[in-house]
Amino acid sequence: MNIEETSHESEASLIQTVSNIMKTAADVNLKPEDIVVIHRLPSMKGTIRPIIIKSRNNNAKSAIMKKRTPMKTKGYRLVDDVTKRNHDLIRRLLLHPDIKNAWFFNGAVFGQTISEEIVKFDIFDNINDTIRDFRSRSRKFQRGESV
Numbered sequence: 003m004n005i006e007e008t009s010h011e012s013e014a015s016l017i018q019t020v021s022n023i024m025k026t027a028a029d030v031n032l033k034p035e036d037i038v039v040i041h042r043l044p045s046m047k048g049t050i051r052p053i054i055i056k057s058r059n060n061n062a063k064s065a066i067m068k069k070r071t072p073m074k075t076k077g078y079r080l081v082d083d084v085t086k087r088n089h090d091l092i093r094r095l096l097l098h099p100d101i102k103n104a105w106f107f108n109g110a111v112f113g114q115t116i117s118e119e120i121v122k123f124d125i126f127d128n129i130n131d132t133i134r135d136f137r138s139r140s141r142k143f144q145r146g147e148s149v
């Protein structure tokens, strides 16, 4: 989050600092009980060590991650922890000719087709089959058939 480190920093002071920044920069009320773990990650000498936060539940995390844009405009960067498999899936999606954009949100990978459809993907999915199945379900839904 690009927060300067102090020599007397503790877990409690870090929670307080992050909570204050979230409240003032993005109007997110992050309570100390929402945080399970908070600490700094190792970093190269001379750079600000990033902070990692594990939230108690997905609601707290979602509230924070939905405010990425206002946080970014204030100079704080929030990044989701994406597994290597999900990262590889996003890369595969971006290489696919029918996919215009791909992203990770709330524990899932999504892709936007060139037809502007938003499709949820799993790491084991065949991309072509998933798009075809999505379109098939979508057509049935539009016709009022059971899916």
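Add 2 to a position in the sequence shown, counting from 1, and you land on the number used in this note's numbering.
Where a beta carbon is used, it is the ideal one built from N, C-alpha and C, also for glycine.
Since the structure is predicted, the reported quantities are computational estimates derived from the model, not experimental observations.
Can you tell me whether Lys25 is helix, strand or coil according to DSSP? The residue given as residue 25 occupies position 23 in the sequence shown. The answer is helix: DSSP assigns Lys25 an H, G or I state.
Quick check on Ser57: does DSSP put it in helix, strand or coil? Position 55 of the sequence shown, counted from the first residue, corresponds to residue 57. Looking at Ser57 - three-state DSSP - the assignment turns out to be strand.
Pull up the DSSP beta-bridge partners for His2, would you. Residue 2 lies beyond the stretch modelled for the chain, which goes from 3 to 149, so this question has no answer here.
Does any heavy atom of the ligand ADP sit closer than 8 Å to the C-beta of Asn108? This structure does not include the ligand ADP; it has no bound ligands of any sort.
Mind reading off the beta-carbon distance from Lys122 to Phe112? Whole number of angstroms is fine, and I expect it under 8 Å. Position 120 of the sequence shown, counting from 1, holds the residue named residue 122. Position 110 of the sequence shown, counting from 1, holds the residue named residue 112. Confirmed, Cβ separation roughly 6 Å.
Have a look at Pro44, Phe126, Phe136 and Ala27 and flag the residue whose alpha-carbon is nearest the alpha-carbon of Thr115. The residue you call residue 115 lines up with position 113 of the sequence shown. Taking Thr115 as reference, the option from Pro44, Phe126, Phe136 and Ala27 with the minimal CA-CA separation is Phe136.
Please report the distance separating the alpha-carbon of Asn108 from that of Arg87. Reading the sequence shown from its first residue, position 106 is the one you call residue 108. Reading the sequence shown from its first residue, position 85 is the one you call residue 87. Each residue's alpha carbon lies about 15 Å from the other.
For Leu32, tell me which candidate among Met24, Ile101 and Ala104 has the shortest Cα-Cα distance. Counted from its first residue, the sequence shown places residue 32 at position 30. Per the Cα distances, Met24.
Which term fits Met73, buried or exposed, when burial requires 16 or more other beta carbons within 10 angstroms of its beta carbon? Reading the sequence shown from its first residue, position 71 is the one you call residue 73. Classification of Met73: buried, given that the 10 Å Cβ count is 16 or more.
Distance between beta carbons of Ile129 and His98, contact taken as under 8 Å: Here residue 98 refers to the residue found at position 96 when the sequence shown is read from its first residue. Here residue 129 refers to the residue found at position 127 when the sequence shown is read from its first residue. Between the beta-carbon of His98 and that of Ile129 there is about 5 Å, and that keeps the pair under the 8 Å contact cut.
Burial state of Asp36, where buried means 16 or more other Cβ atoms lie within 10 Å: Here residue 36 corresponds to residue number 34 of the sequence shown, with the count starting at 1. Buried: at least 16 other Cβ atoms inside 10 Å.
Asn88 by DSSP, collapsed to three states: which one? By one-based count along the sequence shown, residue 88 stands at place 86. Residue state for Asn88 is assigned as helix, using DSSP reduced to three classes.
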